[in-house]
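Chains as they are written, first to last, in the working numbering: chain C, 113 to 438; chain B, 856 to 1125. Presented below is the structure to which this report refers.
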């Protein structure tokens, strides 16, 4: 099967900032690719390039074999766009929104009317579809936004942070829906800040860091690079923090990360329970009082740190603070 | 569970036909008209504002202004007709800035619609709102003593000129909206054409009463020549000199800002 989404060496600069730095990727038909990264990693810019909204400075991208710049109109018939920067009209009803989008996909009136009906039903919006969108809840809006992206029967779907800010139940519904679409043959490119979302939906993951591809693979492959789990140690006294780090560092599979604000050490580990017991014993023997000791699955921050060698923005500031306090 | 169908892969490029482009423009016009109807407060203020200006100058300020050879009400009211459509344009600016801010423009630009259709649909809907406001202002004008003194044909031509002027300026307002982007800033910037073009014109007082340095600008700018053309069309007198200047201004403004705004739309990002 050939690639439906093909990106070759795409670069984009805004002034002096490099949003995308020679990014390449490809997604085969019926597969889901997740772009994982913090704010400012270039995820949205890449989606905007593929959705024909932003012209790249260098490189080529194509959807279904059509170049996103030279054949933009054709590409637009092949894609559906939903997420944080696309939206729906507050003053129109749900149905009016969908029918307008259907018309602009150049479907026949009969076709888009029926299609709107189907999509509203499927997204559980049938009850409210004749009310103005301004009366909708956040979750309903997001579903309508996704519904709009489905109006064109597009074989390719871009979801830009589709669940950011949604409650867990709505998020699970949305995940289920995306999985149904993929089962029907839709190819999906999704951006997310959540490891869990990427893990749940994606066949493969690309980690973006400051505009370049830092790593790619399945979620298992990425987590293996980290070593599996994270040991979380919280000491009672701030003064013990550095001593605790040096004591347990050897037990880990990668460099530990300290968070002085929380008196916390995060250590990537391979072997779960044994390490937990060993660490607990070691710290007790040296008289370090603990508030908390446990094992958890790696978060995006952990994976990101392990792969890129530096923390995501939020943690970078903490690291600077720590430097200062030494 | 129903599975959502997807379209078959495409073998050839898609081409936009003029017929599809017109259909897109019609769809967008309808969307904007629905938005206008559903924000009655905005429609109301676009009617009430020129009516208030009319009343202020007719009854409070007008008594002190004497224009030789004409009743002041007949001098003033054609200018207020034009003010109504000039002021109405500021809602175009605001609406586009809002569409940009909300992400509507991204949605539309990612669809295979004809790109000019978005702005054509915006300006046509606003022309309809202008026509509505104009109807009320004409009615109020007649109520406070304004009279048409020329032929029906000339009067209709005058109304058509106001609509044409309003439509041409809508493209200037659209350009402002796309350039400024932020709705709040757009709200105040969109008042500039009023102050730059309406007050230093023959709208309220004759240009001959203005200081020498201002006169060359005031006498030749589009609002003055259009108002002079309207006065000639409604009240009689030589028309063609002003009319061709007014129409040329309208066509020129339309073409320049059509090109500029389409270009801004093509590259639009928040």
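All C-beta atoms, glycine included, are put in the ideal place defined by N, C-alpha and C.
Exercise. How is residue 100 of chain C classed by DSSP in three states: helix, strand or coil?
Worked result: With chain C covering only 113 through 438, there is no way to say anything about residue 100 of chain C.
For this session: Confirm the yes/no value for this check: CB of residue 1033 of chain B, any heavy atom of the ligand MN, distance under 7 Å.
Result: Among the components of this structure there are no ligands whatsoever, and the ligand MN is therefore not found.
Exercise. Taking 8 Å as the CB-CB limit, is residue 886 of chain B close to chain C?
Worked result: yes
For this session: List the residues of chain C whose Cβ lies closer than 7 Å to the Cβ of residue 957 of chain B, in chain order.
Result: 199
For this session: Run down chain A in chain order and give the residues with a C-beta less than 7 Å from the C-beta of residue 869 of chain B.
Result: In the displayed structure, chain A is absent; the protein chains listed are C and B.
For this session: Give a yes or no on whether 8 Å exceeds the smallest Cβ distance from residue 968 of chain B to chain C.
Result: yes
Problem set entry | Sequence-distant residues of its chain with Cβ nearer than 7 Å to residue 259 of chain C (five each side left out) | 210, 231, 232, 235 and 237
For this session: Report yes if the C-beta distance between residue 989 of chain B and residue 1108 of chain B is below 8 Å; otherwise report no.
Result: no
Exercise. Along chain C, which residues have their Cβ under 8 Å away from the Cβ of residue 896 of chain B?
Worked result: Near residue 896 of chain B there are no residues of chain C at all, since even the closest Cβ is about 12 Å away, more than 8 Å.
For this session: Give a yes or no on whether the C-beta atoms belonging to residue 217 of chain C and residue 1077 of chain B are separated by under 8 Å.
Result: no
Exercise. Residue 963 of chain B versus chain C: which residues are under 8 Å apart at the beta carbon?
Worked result: 216
Exercise. So is residue 155 of chain C buried or exposed if we call it buried at 16+ other beta carbons inside 10 Å?
Worked result: buried
Exercise. So, helix, strand or coil for residue 222 of chain C, using DSSP?
Worked result: helix
Problem set entry | For residue 257 of chain C and residue 199 of chain C, believed in contact at Cβ under 8 Å, the rounded distance | 6 Å
Exercise. Considering residue 1112 of chain B, what are the terminal residues of the alpha helix (DSSP H) in which it resides?
Worked result: 1095-1121
Problem set entry | Outcome for residue 252 of chain C when other beta-carbon atoms lying within 10 angstroms are tallied against a minimum of 16 | buried
For this session: Could you tell me whether the Cβ of residue 212 of chain C comes closer than 8 Å to any Cβ of chain B?
Result: yes
Problem set entry | Cα-Cα separation, residue 1083 of chain B to residue 1058 of chain B | 9 Å
Problem set entry | Neighbour list for residue 163 of chain C in chain B, Cβ cutoff strictly below 9 Å | 961, 964 and 965
Exercise. Along chain C, in chain order, which residues have C-beta atoms closer than 8 Å to that of residue 875 of chain B?
Worked result: 218
For this session: Spatial neighbours of residue 247 of chain C within its chain, please: CB distance less than 8 Å, with the 5 preceding and 5 following residues excluded, ordered by chain position.
Result: 240
Exercise. Using the rule of at least 16 other Cβ atoms within 10 Å of the residue's Cβ for burial, across every protein chain shown, is residue 128 of chain C buried or exposed?
Worked result: exposed
For this session: Give the straight-line distance between the Cα atoms of residue 915 of chain B and residue 907 of chain B, rounded to the nearest whole angstrom.
Result: 11 Å
Problem set entry | Option in B:901, B:922 and B:970 with minimal Cα separation from residue 939 of chain B | B:901
For this session: Could you tell me which residues DSSP pairs with residue 285 of chain C in its beta bridges?
Result: BP columns for residue 285 of chain C are empty, so no partner.
For this session: My understanding is that residue 1016 of chain B touches residue 1101 of chain B, with C-beta atoms under 8 Å, so please give their C-beta distance in whole angstroms.
Result: 6 Å
Exercise. Residue 1032 of chain B CB to nearest chain C CB: under 8 Å?
Worked result: no
Exercise. Of all the beta strand (DSSP E) runs that stay within the bounds of the stretch 903-955 of chain B, which reach a length of 3 or more residues?
Worked result: none
For this session: Compare the C-beta of residue 208 of chain C with all C-beta atoms of chain B and state if any pair is closer than 8 Å.
Result: yes
Exercise. Could one say the Cβ of residue 893 of chain B lies closer than 8 Å to chain C's Cβ atoms, at least one of them?
Worked result: yes
For this session: With a 10 Å radius around its C-beta and 16 neighbouring C-beta atoms as the bar for buried, classify residue 436 of chain C as buried or exposed.
Result: Unreliable placement is indicated for residue 436 of chain C, whose pLDDT of 38 sits below 50; the coordinate value is still reported in the next sentence. It is exposed - the Cβ of residue 436 of chain C has fewer than 16 other Cβ atoms within 10 Å.
For this session: Return the bridge partner residues of residue 115 of chain C from the DSSP annotation.
Result: C:140
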